[in-house]
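**Q**
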Amino acid sequence: MSAGHVIFIGAGPGAADLITLRGARALARASVVLYDALTDPALREFAPAAEWVDVGKRGFSASTGQDRINVLLVQYASTGAIVARLKGGDPSVFGRLEEEQQALAEAGITSEVIPGVTSALAAAAASSRPLTRRGDGRSVALTTAMTQERELNAGRRADTEVFYMAGRQLAMLARRLAEAGWPADTPVCVVSRAGWPDQIVSDHDVGTLPTACLVHSGRPAVVTVGVGARPVLQRASPAGVRAGDEPAASEGDPAAAFTRP
Ligand code: SAH
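Note that numbering that gives the first Met the number 0 has the sequence shown beginning at 0, numbered continuously upward.
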């Protein structure tokens with residue numbers, strides 16, 4: 000029995016058309032696809048004849064355990080199949096890629112990685128803000144707000160920090176950012192479901208970040224802090240508003256920061 004091959008494919012963080020052309024072509028070659036919860040079901044169109052296996056994990060809730068995913072990968076590849084391991088965003092960013100690569104290597108199965116658009120980049124695009132800026136935006140850190148100890152982790156390591164997996168604990172993140180020395184008026188941009196038609200972008204600062212949960216509750220979100228969160232001065236359109244802008248909310252209303260690009 001010939002050993003199969005596993006292709007880790009970044010699906011991008013949102014709608015199916017954010018996958019790379021290379022990723023879509025690799026998907027079309029696979030006979031089995033192990034896919035994550037946050038990947039767009041429309042991606043099935045690229046591999047309609049393949050067997051699609053849901054191995055989604057959601058936060059720390061009940062789901063397919065990592066050990067089980069490793070076993071499934073090895074089992075499917077051992078049949079000689081080309082297995083696509085479809086991961087949300089980019090496989091190498093908070094995607095448990097190493098564990099899966101190790102399991103395959105130990106079983107003597109070859110694998111390769113096709114990159115994807117990670118959420119931080121889709122969020123920058125959704126908010127029309129460059130992550131790096133000439134002069135003061137010279138470094139970017141991608142940080143998970145969760146650790147194995149489930150402790151919130153917030154430092155000040157770069158001019159711009161993008162926090163993943165912070166959605167459920169924005170108040171705690173705000174507190175930790177302040178403790179780490181970020182001034183209360185540091186710009187913070189929260190983007191949920193970046194790359195989907197219903198993406199939401201909201202502007203805050205370190206002091207007001209806790210109110211973001213009102214608009215992003217229950218949605219996958221990244222939190223960009225620092226230079227990369229600063230809005231770019233935009234030339235107003237003739238009507239003075241961008242297409243799709245929500246009407247201005249009343250002063251003091253946390254939803255005032257809410258925009259649907
Ligand atoms: N490998 C993925 C990250 C997986 S960790 C990537 O490169 O994007 C899961 C976290 O990613 C979520 O908790 C959330 O913080 C972020 N995320 C995933 N999809 C997202 C989306 N469409 N919009 C905003 N954040 C998203």
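Every residue gets a Cβ at the ideal spot worked out from N, C-alpha and C, and that includes glycine.
Quick check: what's the CA-CA separation for Arg218 versus Asp197?
**A** When rounded, the distance between both Cα atoms is 10 Å.
**Q** Ligand 1 heavy atoms versus the CB of Leu37: any closer than 6 Å?
**A** Answer for Leu37: yes, Cβ within range of ligand 1.
**Q** Nearest-angstrom Cα distance between Ser216 and Met164?
**A** Approximately 12 Å, taken between the alpha carbons.
**Q** Please report how far the alpha carbon of Ala15 lies from the alpha carbon of Asp39, in whole angstroms.
**A** Cα-Cα distance, rounded: 6 Å.
**Q** Can you give me the Cβ contacts of Ser236 inside the same chain, cut-off strictly under 7 Å, excluding the 5 residues immediately before and after it?
**A** Unreliable positioning characterises Ser236 in this predicted model, as indicated by a pLDDT of 45, which lies under 50. A coordinate reading is not provided.
**Q** Buried or exposed: which applies to Glu160, given that a residue is buried once 16 or more other Cβ atoms fall within 10 Å of its Cβ?
**A** The residue in question, Glu160, is buried, as its Cβ has 16 or more Cβ neighbours within 10 Å.
**Q** Cutting at 6 Å between CB atoms, please list the residues of its own chain near Arg229, excluding the five before and the five after it.
**A** Result list for Arg229: Pro186, in chain order.
**Q** I need the DSSP call for Gly227, collapsed to helix, strand or coil.
**A** Three-state result, Gly227: helix.
**Q** Taking DSSP as the reference, what is the three-state secondary structure of Thr131?
**A** If DSSP states are grouped into helix, strand and coil, Thr131 belongs with coil.
**Q** Counting beta carbon pairs with one atom in the region 110-125 and one in the region 74-92, are three or more of them shorter than 8 Å?
**A** Short answer: they touch.
**Q** His4 bridges to which residues according to DSSP?
**A** BP columns for His4 point to Ile81 and Thr109.
**Q** Can you tell me which of Ala157, Ala25, Val139 and Gly13 puts its alpha carbon nearest to the alpha carbon of Val112?
**A** Of the candidates Ala157, Ala25, Val139 and Gly13, the one whose C-alpha sits nearest the C-alpha of Val112 is Ala25.
**Q** With respect to 6 Å, is the separation between the Cβ of Val221 and the closest non-hydrogen atom of ligand 1 below this value?
**A** Correct: Val221 has its Cβ closer than 6 Å to ligand 1.
**Q** Looking at the secondary structure, which residues open and close the beta strand (DSSP E) in which Ser118 lies?
**A** No beta strand (DSSP E) contains Ser118, which is instead part of the alpha helix (DSSP H) from Ser118 to Ala125.
**Q** Closer than 7 Å by C-beta to Gln65: which residues in its own chain qualify, once you throw out the five before and the five after it? Chain order, please.
**A** These residues qualify, in order along the chain: Arg95 and Glu98.
**Q** Give the range of the alpha helix (DSSP H) segment to which Val214 is assigned.
**A** Taken as a continuous stretch (DSSP letters only), the alpha helix (DSSP H) holding Val214 covers Cys212 to His215.
**Q** Check the DSSP bridge columns for Leu141 and list the partner residues they point to.
**A** Paired residues: Val161.
**Q** Suppose contacts are defined by Cβ-Cβ distances below 7 Å. Is Ala179 in contact with Ala220 by that definition?
**A** Taking 7 Å as the Cβ cut-off, Ala179 and Ala220 do not qualify as a contacting pair.
**Q** Out of curiosity, what's the CA-to-CA distance linking Ala157 and Thr223?
**A** Ala157 and Thr223: Cα-Cα distance of roughly 11 Å.
**Q** Assign Thr109 to one of two classes, buried (16 or more other C-beta atoms within 10 Å of its C-beta) or exposed (fewer than that).
**A** Label assigned to Thr109: exposed.
**Q** Quick check: what's the CA-CA separation for Ala29 versus Ala49?
**A** Straight-line Cα distance between these residues: approximately 7 Å.
**Q** Taking just the CA atoms, how far does Gln101 sit from Gly243?
**A** In this prediction, Gly243 has a pLDDT of 36, which is less than 50 and means its spatial position is unreliable; what the coordinates show is noted afterwards. Their backbone Cα atoms lie some 46 Å apart in a straight line.
**Q** Along the chain, where does the alpha helix (DSSP H) that runs through Glu178 open and close?
**A** Segment Leu169 to Glu178, the alpha helix (DSSP H) holding Glu178.
**Q** Quick one: residues in its chain with C-beta nearer than 8 Å to the C-beta of Val231, no 5 flanking neighbours on either side, listed in chain order?
**A** Once the five neighbours on either side are set aside, the close Cβ partners of Val231 are Ser127, Arg128 and Pro129.
**Q** For Leu20, count neighbouring Cβ atoms within 10 angstroms of its own Cβ and tell me buried if that reaches 16, exposed if not.
**A** When all chains shown are included, Leu20 counts as exposed.
**Q** Given the structure, does Thr159 come close to ligand 1, in the sense that its CB is under 6 Å from one of the ligand's heavy atoms?
**A** No, the beta carbon of Thr159 sits no closer than 6 Å to any heavy atom of ligand 1.
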